[in-house]
Structures are given as structure tokens and as C-alpha cells.
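Engineer: One structure follows; several queries about it will come next.
In this note's numbering, the protein residues as written are 56 to 187.
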């Protein structure tokens, strides 16, 4: 009896983690994708129900357990039934996007539309770079 499997890029597209199949393939080949702890560098890697995917998506690391393999790319409500999200919830507050574990990173980031950094801002960034 043949075990059911699906290409990882196709599954990412079915589960709506990527807007297109080519973006899903790029996500697989860019590195950082792991299937049950094993690094994956190819988009044609076979994915089975029960596998755990770990991959970067935007500023967060997503940990996803595959519950089912989809037959098609359906609506978002259908896509949510394909997986269980095991990743920790993103933090709240101003420093959530800047790396909640590293509060000093928020100093180096600037909000959009604030203009050029002041002399004090530049010196703060230089101090951060020297500490690393």
C-alpha cells in the first residue's frame, strides 16, 4: 500500500502560506525550511500527514503540524483545516516586531516617516554596533 504524500511547495500553496506555487518553491529552496527537524532544500520533498514544518515567514518562525494533505487550493477556511499552528503567538506592544527577546534592537529601528536620524540617534546606533 502506497503512503500518501504531496510536494512541500504544493502543500504550502494549498495551505495558503504562499500566494503562488513559485513563491512556495522559493521558500523551500531559500533554506531554513525543516520537516520534522530535517533541513529541506528542495521543493519536491515529499510531505506526509503528521510531519512538523518549521520555516521563517516574515519576521516570525512558523511551526506547523500537517494534519491533512489538500486536494486543491480552496478558501482560507478550508486551508486552516490542513494544519495546526504550533508556533508561539507573536508578542504585543511596540517592541514585538523588533524582536521581543532583544529590547535594545528597538533603539536601532525607526518608524516610517520619522525623517533622518538625529545625532543622538546615530550615536546610539554606533554604540549598539560596537557592543556586538
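Every residue, glycine too, gets a C-beta built ideally from N, C-alpha and C. Source: prediction; values computed, not measured.
1) Assign residue 119 to buried or exposed, taking buried as 16 or more other Cβ atoms, counted over all protein chains shown, within 10 Å of its Cβ.
2) Got a sec? Which residues, its chain only, sit under 6 Å from residue 62 by beta carbon, not counting five neighbours each side?
3) Look at the Cβ atom of residue 124, then the Cβ atom of residue 137, and state whether they are nearer than 9 Å.
4) Am I right that residue 106 and residue 85 are in contact with their C-beta atoms under 8 Å? What's the rounded C-beta distance?
5) The beta strand (DSSP E) that contains residue 140, what's its start and end?
6) If you draw a straight line from the alpha carbon of residue 239 to that of residue 180, how long is it in whole angstroms?
7) Does the distance from the C-beta atom of residue 102 to that of residue 66 stay below 9 Å?
8) Using DSSP's beta-bridge definition, name the partner residues of residue 94.
9) Assuming residue 109 is part of the beta strand (DSSP E), what are its boundary residues?
10) Applying the criterion that 16 or more other CB atoms from any shown protein chain within 10 Å of the CB defines a buried residue, is residue 69 buried or exposed?
11) Helix, strand or coil, according to DSSP, for residue 167 in the structure here?
Structural biologist: On the basis of the supplied data:
1) buried
2) Contacts found: 99.
3) In terms of Cβ geometry, residue 124 and residue 137 form a close pair [threshold 9 Å].
4) Not confirmed; about 19 Å, so no contact.
5) 138-140
6) The chain is shown from 56 up to 187; residue 239 falls before or after that span and cannot be answered.
7) yes
8) In the DSSP assignment, the residues bridged to residue 94 are 89.
9) Residue range 107-112 is occupied by the beta strand (DSSP E) that includes residue 109.
10) Label assigned to residue 69: buried.
11) coil
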